[in-house]
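Q: Please see the structure below; I have some questions.
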Amino acid sequence: MEPAGLILFSSALFIAAASPGPGIAAIVARVLGRGPKEALSFSIGIAVGDVVWLTFAVLGLAALAQTFHEVFLAIKYAGAAYLLYLAYKLWTAPATTREVEAEKRAEHPARLLLGGLALSLGNPKTMVFYLALLPTFLDLTRITVLGYAELALATLAVLAVVFGGYIALASRARRLFTSPGAIRVLNRFTGMVMAGAAAAVAAR
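Counting from 460, one number per residue, gives the positions in the sequence shown under the numbering used here.
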């Protein structure tokens with residue numbers, strides 16, 4: 460596809476992805492509460508969900524998404540429920556000061572990836588961007604297989620920059636907490652942020 464269209468798409472996606480929302484809140488809370496390692500798998504799941512919505516938009520499946528509204532509603536609530544589970548884990552996490560490391564009993568990467576995927580597929584902000592706003596930037600009826608591949612790669616690259624930036628900033632902030640009391644406050648604060656992200660997903 461033309462470079463100008465790809466740049467326009469990437470710029471719009473960067474603005475949409477970088478603006479605070481349930482996904483960003485969940486990633487930041489994950490880093491603050493458990494460290495950056497687990498946030499990576501979670502972020503990959505969110506990015507995969509974005510590519511799914513991109514595919515729906517390119518293939519003209521917005522109508523199909525509306526037809527199977529109940530399915531996506533179930534996915535949305537599943538994502539919200541998982542965020543609440545993560546919020547509970549953060550709230551009850553032990554306050555240790557050993558280099559402010561994440562809890563050793565880490566969750567399986569596949570489980571985290573699926574949690575991020577469920578969040579992305581059920582996030583109204585993501586749906587609106589790809590199914591409603593994307594056609595205003597690009598003529599989706601003229602996108603070739605190569606053009607789709609370029610859009611998918613651009614999506615993953617933009618999200619890698621955005622999510623990586625948030626993870627790096629949250630990791631740096633996490634190192635400022637060195638006492639058990641401060642870590643306990645941090646864990647409970649990030650648990651509330653995660654619960655707020657769950658409420659935002661479920662309410663929209």
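All residues carry an ideal CB built from backbone N, CA and C; glycine is no exception.
By a C-beta neighbour count over all protein chains shown, 10 Å radius and 16 as the cutoff for buried, is Ile486 buried or exposed?
A: Here the question's residue 486 lines up with position 27 in the sequence shown. By the 10 Å Cβ count, Ile486 comes out buried.
Q: If we count the other Cβ atoms within 10 Å of its Cβ and call it buried at 16 or more, is Ser443 buried or exposed?
A: Past the boundaries of the shown model lies residue 443; the chain is included only from 460 to 663, so the question cannot be answered.
Q: Roughly how many angstroms separate the alpha carbons of Ala611 and Val617, rounded to a whole number?
A: The sequence position of residue 611 within the sequence shown is 152, counting from 1. The sequence position of residue 617 within the sequence shown is 158, counting from 1. Each residue's Cα considered, the two are about 10 Å apart.
Q: Is DSSP giving Ser502 helix, strand or coil here?
A: If you number the sequence shown from 1, residue 502 lands on position 43. The three-state secondary structure of Ser502, taken from DSSP, is helix.
Q: So, Leu576 versus Val507, is the Cβ gap smaller than 8 Å?
A: As a position in the sequence shown, residue 576 is number 117, starting the count at 1. As a position in the sequence shown, residue 507 is number 48, starting the count at 1. Yes, these two residues count as a Cβ contact at 8 Å.
Q: Thinking C-beta only, is Ile505 closer than 8 Å to Leu590?
A: Here residue 590 refers to the residue found at position 131 when the sequence shown is read from its first residue. Here residue 505 refers to the residue found at position 46 when the sequence shown is read from its first residue. Result no, Cβ atoms of Leu590 and Ile505 do not sit closer than 8 Å.
Q: Of all the options Arg631, Ile602, Asp509, which has the alpha carbon lying nearest to the alpha carbon of Glu461?
A: Along the sequence shown, read from residue 1 onward, the residue named residue 461 stands at position 2. When C-alpha distances from Glu461 are compared across Arg631, Ile602, Asp509, the shortest belongs to Ile602.
Q: Can Phe596 and Ala475 be called in contact, C-beta distance under 8 Å?
A: To locate residue 596, count along the sequence shown from 1; it is residue 137. To locate residue 475, count along the sequence shown from 1; it is residue 16. Against a cut-off of 8 Å, the Cβ pair of Ala475 and Phe596 comes out as no contact.
Q: Which residue wins for smallest C-alpha separation from His567, given the options Leu499, Phe473, Ala484?
A: Here residue 567 corresponds to residue number 108 of the sequence shown, with the count starting at 1. Residue Leu499 is the option with its Cα nearest to His567.
Q: May I ask which residues mark the beginning and end of the alpha helix (DSSP H) holding Ile486?
A: The count along the sequence shown starts at 1 and reaches residue 486 at position 27. Start and end: 481-493.
Q: What's the call for Ile466, buried or exposed, on a 16-neighbour Cβ count within 10 Å?
A: As a working note, residue 466 is residue 7 in the sequence shown. Exposed, since its Cβ has fewer than 16 Cβ neighbours within 10 Å.
Q: Could you tell me if Thr551 is buried or exposed, where buried requires 16 or more neighbouring beta carbons within 10 angstroms of its beta carbon?
A: For this step, residue 551 is matched to residue 92 along the sequence shown. Exposed: under 16 other Cβ atoms inside 10 Å.
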